[in-house]
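Using numbering that gives the first Met the number 0, you'd call the opening residue of the sequence shown number 0 and step up by one each time. Glycine included, every Cβ here is placed at the ideal spot set by N, Cα and C. Here's the structure we're looking at; comments come further down.
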Amino acid sequence: MVNLAGIESDQFWDLNQTWNTQVPQFSSCFEDTVLASLPCLLYCLILCLHLFLLPRPVSPNPLPWTWLNVSKMFFSFWLLMISCVWCGVAIHGTYFDQNLPYSSVLSSCSRVVTFFLVLLTMWRHRTVGITTSTVLSTFWIVLFLCSILLYRSAFVKGFVIGSEKLQEQILF
């Protein structure tokens, strides 16, 4: 069992919680550090490679504003705003005795930075005439896959484990 000293009060990897149980569950530290931050770190690495390999404009004409470009920018902006609010809530909860771990603050701050970089990448691609982006496609796919695991975990904590605790309270 690994404990990340200073970052998390919860254990990073607990074999009894993950494998030796009826309902396997990741620890909150693992979810915050790996599942929430993995898409962000992967995006930053791929973006650095992309910027190194594509230093000049592909086309002299920018892409026109279409409903697809506007909707991508709009939804990315709202994801950025939601991440900013969640980051503020996490910082407030950490510093005002609500016992939130620091990994929650780190993961929410990494999402704010990542969604800001996503907006900048979309803007830059539109101005230089790039219609499709492997950088953004890879990011959205990895974010989707990691979010499935996070939502599954939230569902299990809320309904399966929560209902067992409710039944214990009613029976005893």
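{"query": "For the alpha helix (DSSP H) that Phe51 lies in, which residues bound it at each end?", "result": "37-52"}
{"query": "With a threshold of 16 other CB atoms inside 10 Å of the CB of Ile129, please say whether the residue is buried or exposed.", "result": "buried"}
{"query": "What distance in whole Å lies between the Cβ atoms of Val104 and Ile90, which are believed to be in contact at a cut-off of 8 Å?", "result": "6 Å"}
{"query": "I need the straight-line Cα distance from Ala198 to Glu30, nearest angstrom please.", "result": "Summary: the structure shown does not reach residue 198, with the chain confined to residues 0 through 171, and so no result is reported for it."}
{"query": "For Trp64, name the three-state secondary structure that DSSP assigns.", "result": "coil"}
{"query": "Would you tell me roughly how many angstroms separate the C-alpha atoms of Ile45 and Ile147, rounded to the nearest one?", "result": "22 Å"}
{"query": "Could you compute how far the alpha carbon of Thr131 sits from the alpha carbon of Leu78?", "result": "20 Å"}
{"query": "Distance, Cα to Cα, Cys86 vs Ser107?", "result": "5 Å"}
{"query": "Less than 8 Å between the CB atoms is what I'm expecting for Val127 and Ser58, so what's the real figure, rounded?", "result": "7 Å"}
{"query": "According to DSSP, is Phe25 helix, strand or coil?", "result": "coil"}
{"query": "Considering only C-alpha positions, which residue in the set Phe158, Thr120, Asn60 is nearest to Val134?", "result": "Thr120"}
{"query": "So, is Tyr42 buried or exposed, given that buried needs 16 or more other C-beta atoms within 10 angstroms?", "result": "buried"}
{"query": "Considering only their Cβ atoms, is the gap separating Leu116 from Met72 smaller than 8 Å?", "result": "no"}
{"query": "In the DSSP assignment, find the unbroken alpha helix (DSSP H) run with Phe154 in it and report its ends.", "result": "133-154"}
{"query": "What does a CB cutoff of less than 7 Å around Phe74 pick up in its chain, not counting 5 residues either side in sequence?", "result": "none"}
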